[in-house]
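The structure appears right after this line, and notes come after that.
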Amino acid sequence: MQTDKTRLNDLQEWLLVHGRKLLSQPPADWKYLTRPQLSMLEQQAALRVRSRHRFPEPEQWLWSDRSLAQASDWLSACFKASLFPRRAEVLDGCCGAGADAVALAARGAVCAIDNDPWMTALAVNNADAQGLSLATRTTNLDSSAIGEAQWLHVDPDRRPGNRKTLIADQFSPPLQDVLHLANRTRGYAIKLAPSTLFDLDLTHWIAEHCVRVWLGGHCECRQQLLIGNEVQDNLARNLGLPEAVSQRHAIAILLTDGSDRLATALEPSNHYCFAAPAQCESVSLEADVDQFIFDLHPTLHVSGLALAWAHQQNLYPISGQHGYYTGSQSVPGPWAQSFQVMDVIAWDDRKIRKWLRQNQVGQVEVKCRMVTMNANDFQRRYSKPEGRPVTLLVTRIGDRVRAIAAERLQPVH
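Take 14 as the starting number for the sequence shown in my numbering and just add one per residue.
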């Protein structure tokens, strides 16, 4: 009699062999499948939809729900892989379903490690679907697993016990243990959530030994990296930064996928880079609304670089470093959404409706910072089928809540 574990293993093996072919067929052709097989295919179809904005060829991948939630997007995986020397073997610890391992395999040999045999099986299968090969081991990431490895990438599990955490010493393995192992290698990159929390001792150690990098794309910050040893040199060289800058500065990078070609580790996507000390004390935390308003990219905010970037562009925060910024001139580039100011209105329903009516406004976009509200509800409430488009940027100005009515400007990169 089969146990539940045996049945699950058989089902997983069935998915690896038949899953992609069946997923390419219409669901009407799945009638002959058993209920467990049908359930697994339906889950994969849903995961494929979820992965589309992160993977340019989603049909090439199979996932578990948890592995997709923690996986690097393809642009980030390729950028990281490009930091390692070509043809050098890289150990990919806590590999999950293999997004980073597959990107690494495009530039050289990879050994992917995970303590879950289903993850290593998925990693091998995902690599094979793209004409690449991986060596794998099913084991915990510890000193014996790393052995004599010279190059290391690790994505420690942030969901131990199926509960997500941002606290570094609750990862599996704990971040301090990972860093101890990584520092023995020639070079390493450790992937973290953008807002990972460190204790004071670990913060000081990271400041002395690692470069912190935040990777962003579209309208989100996707991950934080701790870069160490010789991979720091490769990072500085790839970004065109002097070594001294990369050592003591936080670095924010935006990855773009505007090219027609598919990004790989050998040809990573285009990127924009900003490096500076994380704080810029010379910038005032309050300014009057000028001719233009800027909503800075989340990657600048989470990396602590918002004030430094704004200072370089002659912009000033309206109500704190994580609010909107203002300036007398438009600023091109991908680091901020730009708006030309039309008016500043009290955040009062009657006054807002009157202003919208007087200015013959149709579609209303509502954004907010430094206040708590459901922007989508107000967009639906105020939008009309005909009229000019307007953006309302709701924020605190002094001790009052105001709506800055503005025209969204098209980005110029």
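The C-beta atom is built at its ideal place from N, Cα and C for all residues, glycine as well.
For clarity, every value in this text was computed on a predicted model and none was experimentally measured.
Next item on the list: Can you check DSSP and say which residues form a bridge with Ser351?
Entry: On the sequence shown, position 338 is the one that residue 351 refers to. Residue pairing of Ser351 in beta bridges, as defined by DSSP: Phe307.
Check: Can you tell me the Cα-Cα spacing of Asp86 and Lys364, whole angstroms?
Finding: Position 73 of the sequence shown, counting from 1, holds the residue named residue 86. Position 351 of the sequence shown, counting from 1, holds the residue named residue 364. Rounded to the nearest whole angstrom, the C-alpha separation of Asp86 and Lys364 is 44 Å.
Checklist line | One or two residues paired with Leu248 in a DSSP bridge | finding: Position 235 of the sequence shown, counted from the start, is the residue given in the question as residue 248. Answer is none; Leu248 lacks a bridge partner.
Check: DSSP three-state call for Tyr337: helix, strand or coil?
Finding: Here residue 337 is taken as the residue at index 324 of the sequence shown, counted from 1. In this structure, Tyr337 counts as coil in the three-state DSSP scheme.
Next item on the list: In angstroms with no decimal places, state the Cα-to-Cα distance between Arg171 and His324.
Entry: Locating residue 171 in the sequence shown gives position 158, counting from the first residue. Locating residue 324 in the sequence shown gives position 311, counting from the first residue. Roughly 35 Å between the two C-alpha positions.
Next item on the list: Ignoring anything shorter than 3 residues or poking outside the stretch 50–94, list the beta strand (DSSP E) runs there in chain order.
Entry: none
Note to self: Determine whether the beta carbon atoms of Ala58 and Leu36 lie at a separation below 8 Å.
What the structure shows: Here residue 58 is taken as the residue at index 45 of the sequence shown, counted from 1. Here residue 36 is taken as the residue at index 23 of the sequence shown, counted from 1. In contact: Ala58 and Leu36 (Cβ atoms closer than 8 Å).
Note to self: If contacts are defined as beta-carbon pairs under 8 Å, then Gly241 and Ala195 qualify, I think. What distance do you get, rounded to the angstrom?
What the structure shows: Numbered from 1 along the sequence shown, position 228 holds the residue referred to as residue 241. Numbered from 1 along the sequence shown, position 182 holds the residue referred to as residue 195. With a Cβ gap of about 6 Å, Gly241 and Ala195 count as contacting.
Check: Apart from the five residues just before and just after Asp273, which ones in its own chain have a Cβ nearer than 7 Å to its Cβ?
Finding: Translated into the one-based positions of the sequence shown, residue 273 becomes position 260. Unreliable placement is indicated for Asp273, whose pLDDT of 43 sits below 50; no coordinate value is reported for it.
Checklist line | Which of helix, strand or coil DSSP assigns to Trp360 | finding: Here residue 360 corresponds to residue number 347 of the sequence shown, with the count starting at 1. Correct three-state label for Trp360: coil.
Check: Residues in its own chain within less than 7 Å of Pro71 by CB, not counting five upstream and five downstream?
Finding: Start at 1 with the first residue of the sequence shown, and residue 71 comes out as number 58. Hits under 7 Å: Arg61, Ser64, Arg65.
Check: Using a Cβ-Cβ cut-off of 7 Å (strictly less than) and excluding sequence neighbours within five positions of Gly414, which residues of its own chain qualify?
Finding: Residue mapping note: residue 414 aligns to position 401 of the sequence shown, counting from 1. Sequence check: residue 414 is Val here, not Gly. So the list reads Trp360, Val384, Val407, once near-sequence residues are dropped.
Checklist line | Pairwise C-alpha distance: Val30 and Asp270 | finding: As a working mapping, residue 270 is identified with position 257 in the sequence shown. As a working mapping, residue 30 is identified with position 17 in the sequence shown. Taking the straight line joining both Cα atoms gives about 31 Å.
Checklist line | Residue closest to Pro98, alpha-carbon to alpha-carbon, out of His166, Val354, Gly317 | finding: As a position in the sequence shown, residue 98 is number 85, starting the count at 1. When only C-alpha atoms are compared, the closest one is His166.
Note to self: I'd like the list of long-range same chain contacts for Asp390, defined as Cβ closer than 6 Å, with 5 residues on each side in sequence excluded.
What the structure shows: Position 377 of the sequence shown holds residue 390. Closer than 6 Å at Cβ, skipping near neighbours: no residue.
Next item on the list: Taking only the alpha-carbon atoms, compute the straight-line gap between His231 and Lys34 and give it to the nearest angstrom.
Entry: Taking the sequence shown and counting its residues from 1, one reaches residue 231 at position 218. Taking the sequence shown and counting its residues from 1, one reaches residue 34 at position 21. Going by the C-alpha atoms only, they are around 31 Å apart.
Next item on the list: Indicate whether Ala140 and Gly111 have their beta-carbon atoms separated by less than 8 Å.
Entry: Against the sequence shown, residue 140 aligns to sequence position 127. Against the sequence shown, residue 111 aligns to sequence position 98. The answer is yes: Cβ separation under 8 Å.
Check: So which of Pro187, Ala263, Ala158 has the shortest CA-CA distance to Pro290?
Finding: Within the sequence shown, residue 290 is the residue found at index 277, counting from 1. Closest option to Pro290, Cα to Cα, is Ala263.
Note to self: Here's the rule: buried if 16 or more other CB atoms are within 10 angstroms of the residue's CB, otherwise exposed. What is Asp301?
What the structure shows: Position 288 of the sequence shown, counted from the start, is the residue given in the question as residue 301. With fewer than 16 other Cβ atoms within 10 Å, it is exposed.
Notebook entry, point to check: Skipping 5 residues on each side, what residues in its chain have a beta carbon closer than 7 Å to that of Arg235?
Noted result: Residue numbering aside, residue 235 sits at position 222 when the sequence shown is read from its first letter. Asp86, Ser89, Leu228, Gly229.
Notebook entry, point to check: Among Pro39, Leu96, Leu252, which has the Cα closest to the Cα of Leu267?
Noted result: Mapped onto the sequence shown, residue 267 falls at position 254. It is Leu252.
Check: With 16 other CB atoms within 10 Å as the buried threshold, where does Ser316 fall?
Finding: Against the sequence shown, residue 316 aligns to sequence position 303. Buried: at least 16 other Cβ atoms inside 10 Å.
Margin query: Please report the straight-line C-alpha distance between Thr198 and Leu188, rounded to a whole angstrom.
Written below: Position 185 of the sequence shown, counted from the start, is the residue given in the question as residue 198. Position 175 of the sequence shown, counted from the start, is the residue given in the question as residue 188. Using only the alpha carbons, I get a separation of about 16 Å.
Note to self: Going by beta-carbon coordinates alone, are Leu117 and Ala202 separated by less than 8 Å?
What the structure shows: One-based indexing of the sequence shown puts residue 117 at position 104. One-based indexing of the sequence shown puts residue 202 at position 189. Contact: no.
Check: Taking the alpha-carbon positions, what's the Gln342 to Leu422 distance?
Finding: Residue mapping note: residue 342 aligns to position 329 of the sequence shown, counting from 1. Residue mapping note: residue 422 aligns to position 409 of the sequence shown, counting from 1. Going from the Cα of Gln342 to the Cα of Leu422 covers about 12 Å.
Notebook entry, point to check: Buried or exposed: where does Met386 fall if 16 or more other Cβ atoms within 10 Å of its Cβ makes it buried?
Noted result: The residue labelled residue 386 in the question sits at position 373 within the sequence shown. The residue is exposed, with fewer than 16 neighbouring Cβ atoms inside 10 Å.
Checklist line | Alpha-carbon spacing of Ile306 relative to Val379, whole angstroms | finding: For the purposes of this step, residue 306 is identified with residue 293 of the sequence shown, where counting begins at 1. For the purposes of this step, residue 379 is identified with residue 366 of the sequence shown, where counting begins at 1. One C-alpha to the other measures close to 14 Å.
Item checked: DSSP state of Ala195 mapped onto helix, strand, coil -> For the purposes of this step, residue 195 is taken as the residue at position 182 of the sequence shown. In this structure, Ala195 counts as helix in the three-state DSSP scheme.
Item checked: Residue of Ala349, His284, Gly340, Pro186 minimising C-alpha distance to His314 -> Start at 1 with the first residue of the sequence shown, and residue 314 comes out as number 301. When only C-alpha atoms are compared, the closest one is Ala349.
Next item on the list: Return the CA-CA distance between Ala181 and Pro398, expressed in angstroms with no decimal places.
Entry: Counting from one through the sequence shown, the residue named residue 181 turns up at place 168. Counting from one through the sequence shown, the residue named residue 398 turns up at place 385. Looking at the two C-alpha atoms, the distance is approximately 49 Å.
Note to self: With a threshold of 8 Å on Cβ separation, who are the neighbours of Arg366 within its own chain once the five nearest residues in sequence on each side are excluded?
What the structure shows: Position 353 of the sequence shown holds residue 366. Same-chain partners within the cutoff: Tyr395.
Margin query: Can you give me the C-alpha to C-alpha distance between Leu104 and Thr133, rounded to a whole angstrom?
Written below: Here residue 104 refers to the residue found at position 91 of the sequence shown. Here residue 133 refers to the residue found at position 120 of the sequence shown. Whole-angstrom Cα-Cα distance: 13 Å.
Note to self: Here's the rule I'm using: 16 or more other beta-carbon atoms within 10 Å means buried, otherwise exposed. How should Ala41 be labelled?
What the structure shows: Here residue 41 refers to the residue found at position 28 when the sequence shown is read from its first residue. By the 10 Å Cβ count, Ala41 comes out exposed.
Notebook entry, point to check: Does the Cβ-Cβ distance between Ile417 and Val354 come in under 8 Å?
Noted result: Against the sequence shown, residue 417 aligns to sequence position 404. Against the sequence shown, residue 354 aligns to sequence position 341. Yes, the Cβ-Cβ distance between Ile417 and Val354 is below 8 Å.
Item checked: Which listed residue (Leu248, Leu24, Gln304, Pro345) has its alpha carbon closest to that of Ala288 -> The residue given as residue 288 occupies position 275 in the sequence shown. Nearest option by C-alpha distance: Leu248.
Item checked: Through-space distance from Asp127 to Lys204, alpha-carbon basis -> Mapped onto the sequence shown, residue 204 falls at position 191. Mapped onto the sequence shown, residue 127 falls at position 114. Roughly 15 Å separates the two Cα atoms.
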